[in-house]
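Everything on this sheet refers to the single structure shown next.
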Amino acid sequence: MPNKVFTVVNTSIAHTPIHESRSSLHLSELLDRCRDEMARYRQSRGRIRQSESCLEIVRRAAAGDGAALSDLLLLSGDIASEKCPRALYPRRQDVQQEVVLRILRKFRNEQSPYRPSTFAAYLRYLSLTIRSVVYNMQTREPQLESLDRLWEETGFEPRQDPRQEWDRRLLVQSLLDSLTNPLEQEVLYRRYRLGQSPPEIVAELRPAVPDITVQQVYRLAERAIRRLQNHPAVQAGRSSGGKQAGKRVYKGEGER
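Okay, so the sequence shown: first residue is 5 according to the numbering used here, each after it adds one.
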């Protein structure tokens, strides 16, 4: 995603002839005009609140125009970067990507799609999305604690006895192998075998998965853990009255 940032957008359309229909303009022309209007919006300190060219891009995106949606996501990501709080500057790219992913899902949601009215309305929707993402980013430490508690409840907390720790690792590897989603498997392995934090996992995986965000790491890990809680080895351990039973199930399988 480009580093160049644009602030909240809109502005007057004085340079566009009134008789000219924006619906007939090429997308590249609309994008240029939208960027100009965004620049004038910044100069007006937010006093100008309309942008017909930007609105036309939103309308085309909502109507299923893939190129228009791509441009809208780019513009929205730039706005998200501009609105990112200083405390989250090191994670600004994560904020951008999570905002863009949410907008993409909204525009592709057939049951509840985004319905354009004015560009100011889209900006309000975008601002709410950015605030929601920022809030989630700022509360990640409690979220990580909650995720780790969920993992511990599955019965794989570290043990003091080296032999028990080895058995635990074997069981964990067996459970990881049972996951059918390679990304879930990789995220869980890095978190609970290598001890990496979610930001570290993102940094390691981003070359192979450019769009991955820290928020996605949390979601992938939580889904995988909840799925593993239904694994026969885990269920056997619980029904036998202890975590050691799950370990014995795996050892028994390995000895055959």
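For glycine and all other residues, C-beta sits at the position ideal for the given N, C-alpha and C.
Within 8 Å, strictly: CB atoms of residue i and residue j
{"i": "Ala43", "j": "Ile61", "result": "no"}
{"i": "Ala66", "j": "Tyr129", "result": "no"}
{"i": "Gln200", "j": "Glu102", "result": "no"}
{"i": "Leu232", "j": "Leu198", "result": "no"}
{"i": "Arg223", "j": "Ile216", "result": "no"}
{"i": "Leu59", "j": "Pro120", "result": "yes"}
{"i": "Val191", "j": "Ala225", "result": "yes"}
{"i": "Phe123", "j": "Ser55", "result": "yes"}
{"i": "Leu4", "j": "Asp75", "result": "Missing from the structure shown is residue 4; the chain here goes from 5 to 260 and no further."}
DSSP-derived helix/strand/coil call for residue i
{"i": "Lys87", "result": "helix"}
{"i": "Pro203", "result": "helix"}
{"i": "Asp69", "result": "coil"}
{"i": "Gln189", "result": "helix"}
{"i": "Asn113", "result": "coil"}
{"i": "Asp215", "result": "coil"}
{"i": "Pro236", "result": "helix"}
{"i": "Tyr118", "result": "coil"}
{"i": "Leu127", "result": "helix"}
{"i": "Arg197", "result": "coil"}
Integer-rounded CB distance, given that residue j should sit under 8 Å from residue i
{"i": "Ala228", "j": "Glu188", "result": "4 Å"}
{"i": "Met141", "j": "Arg106", "result": "With a Cβ gap of about 13 Å, Met141 and Arg106 do not count as contacting."}
{"i": "Val99", "j": "Ser80", "result": "Not quite, the Cβ-Cβ distance comes to about 12 Å (not below 8 Å), so this is no contact."}
{"i": "Leu92", "j": "Val138", "result": "6 Å"}
Min CB distance residue i to chain C below 8 Å
{"i": "Pro117", "result": "Included in the structure is just one protein chain, with no chain C present."}
Subject >> the stretch 84-95 / the stretch 108-126 touching (three or more Cβ pairs under 8 Å) >> reply: no
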